[in-house]
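Each protein sequence line maps, in turn, to chains V and L.
Quick note: to get my numbering, add 1422 to the position in the first sequence (first position is 1).
Quick note: to get my numbering, add 6 to the position in the second sequence (first position is 1).
Here is the structure we will look at.
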Amino acid sequence: MSATTAPETAPPAPPPAPAGVAKAARRKKLVPYWLLLPGILWLVIFFAAPLVYQASTSVQTGSLEEGFKVTWHFQTYWDALTEYYPQFLRSVIYAATATVLCLLLGYPLAYLIAFRAGRWRNLVMILVIAPFFTSFLIRTLAWKTILSDSGPVVEVLNSLHILDITSQLGITEGERVLATPLAVVCGLTYNFLPFMILPLYSSLERIDGRLHEAAGDLYAKPFTTFRKVTFPLSMPGVVAGTLLTFIPAAGDYINAELLGSTDQKMVGNVIQSQFLRVLDYPTAAALSFILMAAILAMVTVYIRKSGTEDLV
Amino acid sequence: MTQQPSTGGDVRLTGISKTYGSFTAVHPLDLHIPAGSFFALLGASGCGKTTTLRMIAGLEDPTSGIVELAGNDVTALPPHKRPVNTVFQSYALFPHLDIYENVAFGLRRRGIKSVKKQVDEMLELVQLGDFARRKPQQLSGGQQQRVAVARALINHPKVLLLDEPLGALDLKLRRQMQLELKRIQTEVGITFVHVTHDQEEAMTMADQVAVMNGGRVEQQGAPAELYENPGTTFVANFLGTSNLIEAEVADTSGGDLVLTTEGGKLALPAARCSAPARTGDTVLVGIRPEKISLTHAEDAGTIPDGRNRITGRIADSSFIGVSTQYVIDTPVCSEFAVYEQNIERDSRLVPGAEVVLHWNPAHTFGLDATQDIDAGTQLDEEAA
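Printed below as a string of structure tokens:
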């Protein structure tokens, strides 16, 4: 249909072309927007509107009994930050540690699945995804049992005197693992590992096997091939995986809640308790915004630094 | 060119074979590729030519046999320790590196610090000096192909392996690159081993061709030698076109064998018969279509004595430009192909005309009749 491709500035259509053709053309042009509509509506109702609502909540003052009013009280932000910065810092440290651990655990696994698993590939992939068939909450509770004080893990670690070392490092306490930073980071690592493996796998899997051969042919030893060819080419996966791990891990509160003590509270726990227990909505909203802004800033810097724009 | 003189090495394969489970890709074969030659491994897809090449490169471990490069046994060496480089099919350029770094890759891996001069020279050799900072995907197919050649050649390998390097290019560019590769080979003097399914490409570029079929080398030699005197029906049909007819050996007493066919007697120089020929044996007689002259039956008397003749009727003719191709129905073969140069066309040579086909017996070749007479014909059509 030539009418659709003709721009509006094209010379007027010859007389026989009826107005209906132009109308059909215009309708056709609108199609993409109609197709976008459900998505846009979804975003407006479930993302934009709550965001605006929360932004307004964060600058309100009052109490639940008297009601909250917008008073443009930006002081809330400063108060929230000064009071809860340890939790903020902890969130970033825990999430970053878990992300690094996920990368260290996930990369070799993704590499194996992509290049070495052969006919076992699908089975291993299913094993990676299988935990998703169980609720996040239940899996984290299971870790509570696994790491319990008289459980086999703690006993083994104890008899090997590993807990002595970790206690010295300050990541465990005495003869227990539960209610220590180690437990929370373990939980975060475990829960977000698939989010690391899947993007890593998909970017590794796309690498042409001949590039490895070419590198070997050009005198690169296997490890050099990895360093100079495979790893740089998997950077999109590394970036995607670290973001998918770090962002939710930084805002997570389940792991700290179930596996940690009051000393391991993360900012997610604070927001949750401000919203649901203390009922201090403005502080909770302000904390949420600070967390969001902080993650946004860190992610922007990270993507710039990793320079993956022309790889994707 | 100020290229440091790099001498090519020879390649010697002894009893080399490759099996995958129950499938034998390459049957034990011996091959000697002389130093400094442009050597083509020619065959249809699946004939084992690429596997053979990959065994030379070290990308594939041979099931048995020895690979020697310039006199050294390299069978157990991994690819990065062999003095060979490969130009891969579809090039396998590193997409995250620019052209300059792609070309410098091999030098850097060997710990050479000052690569600039060499890289610039190499890019100049392949006429890509202005593209050093582009990424591979910003280049056309032909340019990428030249980068792949430069990336391999800069290392001054003893042997350069080319795996269907021109397969992804269109016909015109392919012709151009054939000349280009030939020029580069002459300039650098490295041994080139070129894998291709295109018989024309193999013949125009290579000094030596090994024709492979079903995991075996059918015949090896200079292109003209293979073409003029094929040793098997596969070579006869795969390299160009051949007319093959069955004949019985009637007399072996002279320098020429005398053969009887349903169309009459034919002479065949004994030296050009690769099959054992005793009186009473059946052999396949071959003749290339362009060696045959066509004369209208009315002028049969003008044909000089001593030429092989067969009579027939023109079944079809097609005008190609430089030549006219005839299909002749003869008693020995219903589709006898004849190519006539368009010099002086006899206007009587149209479909239906009775003609005499005649040729110098020296162009005739004899093959073992136990082979499949059609070997290589279908494959050639597929590849073309």
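Just so you know, even glycine gets a beta-carbon here, dropped at the ideal spot from N, CA and C.
Determine the burial state of residue i: buried for a count of at least 16 other Cβ atoms within 10 Å of its Cβ, exposed for fewer.
i, result
"L:N78", "exposed"
"V:E1679", "buried"
"V:W1500", "exposed"
"V:G1663", "buried"
"L:D136", "exposed"
"L:D257", "exposed"
"V:T1556", "exposed"
"V:W1456", "exposed"
"L:G21", "exposed"
"V:G1638", "buried"
"L:Q184", "buried"
"V:F1617", "buried"
"V:M1423", "Low per-residue confidence applies at V:M1423: pLDDT is 37, beneath 50, and the placement is therefore not dependable, though the value from the model is reported in the following sentence. Answer is exposed; the Cβ neighbour count stays below 16."
"L:E207", "buried"
Under 7 Å between C-beta atoms, does residue i make it to chain L?
i, result
"V:A1707", "no"
"V:G1663", "no"
"V:E1627", "no"
"V:A1372", "This structure gives no information on residue 1372 of chain V, because the portion of chain V shown stretches from 1423 to 1734."
"V:K1643", "yes"
"V:E1595", "no"
"V:G1659", "no"
"V:D1702", "no"
"V:A1536", "no"
"V:G1638", "yes"
"V:R1632", "yes"
"V:P1460", "no"
Is there a Cβ of chain V sitting closer than 7 Å to that of residue i, yes or no?
i, result
"L:Q10", "Residue confidence for L:Q10 is low, a pLDDT of 42 falling below 50, so the modelled location carries little weight and cannot support an answer."
"L:F94", "yes"
"L:L65", "yes"
"L:F29", "no"
"L:H102", "yes"
"L:G14", "no"
"L:F371", "no"
"L:H86", "yes"
"L:A98", "yes"
"L:F111", "yes"
"L:R115", "yes"
"L:N108", "no"
Report the option in the options whose CA atom is closest to the CA atom of residue i.
i, options, result
"V:I1584", "V:V1599, V:S1570, V:T1493, V:G1573", "V:V1599"
"L:Y347", "L:S23, L:K297, L:N161", "According to the sequence provided, residue 347 of chain L is Gln. The question's Tyr does not apply to it. Nearest of L:S23, L:K297, L:N161 to L:Q347, Cα basis: L:K297."
"V:G1609", "V:E1488, V:L1525, V:A1517", "V:A1517"
"L:S23", "L:P68, L:V17, L:D16, L:S43", "L:P68"
"V:Y1641", "L:L363, L:R60, L:R114, L:T383", "L:R114"
"L:G382", "L:V217, L:A82, L:A41", "L:V217"
"L:Y97", "L:S248, L:I62, L:Q149, L:G220", "L:Q149"
"L:L83", "V:D1702, V:K1643, V:T1722, V:G1690", "V:K1643"
"V:V1660", "V:V1466, V:Y1533, V:Y1507", "V:Y1533"
Taking Cβ to Cβ, would you say residue i is nearer than 7 Å to residue j?
i, j, result
"V:N1677", "V:V1606", "yes"
"V:T1667", "V:T1519", "no"
"V:L1622", "V:G1528", "yes"
"L:V201", "L:E231", "no"
"L:V132", "L:L167", "no"
"L:H197", "L:E252", "Looking at the sequence itself, residue 197 of chain L is Thr, so the reference to His does not match. No."
"L:A273", "L:N314", "yes"
"V:T1602", "V:T1594", "yes"
"L:L65", "L:P34", "no"
"V:L1626", "V:S1656", "yes"
"L:V32", "L:T57", "yes"
"V:A1672", "V:S1480", "no"
"L:K141", "L:G15", "no"
"L:N91", "L:A174", "no"
"L:V344", "L:L373", "no"
"L:Y106", "L:V80", "no"
"L:V356", "L:A306", "no"
"L:T336", "L:I316", "yes"
"V:Q1696", "V:T1705", "yes"
"L:M211", "L:F44", "yes"
(request) Count the CB pairs spanning the segment 279–290 of chain L and the segment 322–337 of chain L that are closer than 8 Å, and state whether there are at least three. (result) Using a Cβ-Cβ distance cut-off of 8 Å, the segment 279–290 of chain L and the segment 322–337 of chain L are not in contact, since fewer than three pairs of beta carbons, one from each stretch, lie closer than that value.
(request) Check whether the segment 1474–1482 of chain V touches the segment 1455–1465 of chain V, counting contact only when three or more Cβ pairs, one atom from each stretch, lie closer than 8 Å. (result) Contact between the segment 1474–1482 of chain V and the segment 1455–1465 of chain V is absent, because fewer than three Cβ pairs lie under 8 Å.
(message) Across the segment 1649–1664 of chain V and the segment 1486–1497 of chain V, are there enough close Cβ pairs to call them in contact, namely three or more that are closer than 8 Å?
(response) The segment 1649–1664 of chain V vs the segment 1486–1497 of chain V: no contact.
(request) Could you tell me whether the segment 238–248 of chain L touches the segment 51–70 of chain L, using the rule of 3 or more Cβ pairs below 8 Å? (result) Judged by Cβ distances under 8 Å, the segment 238–248 of chain L makes no contact with the segment 51–70 of chain L, as fewer than three pairs qualify.
(request) Spell out a yes or no on whether the segment 87–102 of chain L and the segment 115–128 of chain L are touching, meaning 3 or more CB-CB pairs, one atom from each, closer than 8 Å. (result) For the pair of segments examined, the segment 87–102 of chain L was found not to touch the segment 115–128 of chain L: the number of CB pairs separated by less than 8 Å stays below three.
(request) Determine contact between the segment 1530–1544 of chain V and the segment 1702–1714 of chain V, defined as no fewer than three beta-carbon pairs at a distance below 8 Å. (result) Contact fails: fewer than three Cβ-Cβ distances are below 8 Å.
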